[in-house]
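Numbering (this note's numbering), first residue to last: 376 to 525. Comments concern the structure below.
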Amino acid sequence: MTNWFRPTLPPDIQAAVLDNRDRHPDALVRRKMLVLWAVHLGHSREQAARLANVGVATAKRYVIAYRDGGLDGLTRREPQRRSVSDLAAHADAIKKSLTERPVRTAAEAIERIDELTGIRRGLTQTRTFLAGLGFTWQRTRAVPMPPKSR
Numbered sequence: 376m377t378n379w380f381r382p383t384l385p386p387d388i389q390a391a392v393l394d395n396r397d398r399h400p401d402a403l404v405r406r407k408m409l410v411l412w413a414v415h416l417g418h419s420r421e422q423a424a425r426l427a428n429v430g431v432a433t434a435k436r437y438v439i440a441y442r443d444g445g446l447d448g449l450t451r452r453e454p455q456r457r458s459v460s461d462l463a464a465h466a467d468a469i470k471k472s473l474t475e476r477p478v479r480t481a482a483e484a485i486e487r488i489d490e491l492t493g494i495r496r497g498l499t500q501t502r503t504f505l506a507g508l509g510f511t512w513q514r515t516r517a518v519p520m521p522p523k524s525r
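What follows is the structure, given as structure tokens:
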């Protein structure tokens, strides 16, 4: 069985870890520093994970990030990868069409978008996409009338 990496921090890195653990503006970086500090003090990964309120696998990832990239590797934040809708490429045409000839229902919007783009989405996806374009749904309701007086 191989030994896992236990960081031994030199004094200058210790000072940086302690400072970042308490004062860094990003809570995630503070949590990473807490895990690194706990493992440096001799705690197991399980104990460090419990202390920082993260999973053991997450604590392991933090220690490996320090091993591979030092403090820069630990403080670096990767941007969240977000998928882009296929409809996004057609957003201008959809907005123009729905502004010129408004639809009455979401089902009608689905049909129109399908005619324009050839892409068919469900009710919830269509509503979410159109809300992102700035469209709102207008509801019609009965207007309460006072009873007729005789």
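From the three backbone atoms N, C-alpha and C, an ideal C-beta is built for every residue, glycine too.
Sort A481, Q500, I485 by Cα distance to R514 and report the nearest one. Sequence index remark: in the sequence shown, residue 514 carries index 139 (1-based). Of the candidates A481, Q500, I485, the one whose C-alpha sits nearest the C-alpha of R514 is A481.
So for L508, helix, strand or coil by DSSP? As a first step, residue 508 must be located in the sequence shown, where it is residue number 133. Coil at L508, not helix or strand.
Helix, strand or coil, according to DSSP, for E453 in the structure here? Translated into the one-based positions of the sequence shown, residue 453 becomes position 78. Coil.
Could you check where the alpha helix (DSSP H) with V414 kicks off and where it finishes? As a first step, residue 414 is located in the sequence shown; it is residue number 39 there, counting from the start. Its alpha helix (DSSP H) spans residues 402-415.
According to DSSP, is L384 helix, strand or coil? One-based indexing of the sequence shown puts residue 384 at position 9. Coil at L384, not helix or strand.
Does DSSP put G422 in a helix, in a strand, or in coil? Looking up residue 422 in the sequence shown gives position 47. One point to set straight first is that residue 422 is Gln, not Gly, in the sequence displayed. Of the three classes helix, strand and coil, the one that applies to Q422 here is helix, per DSSP.
Stretch-stretch touch, CB-based, cutoff 8 Å, three pairs: the region 455-465 with the region 425-441: no
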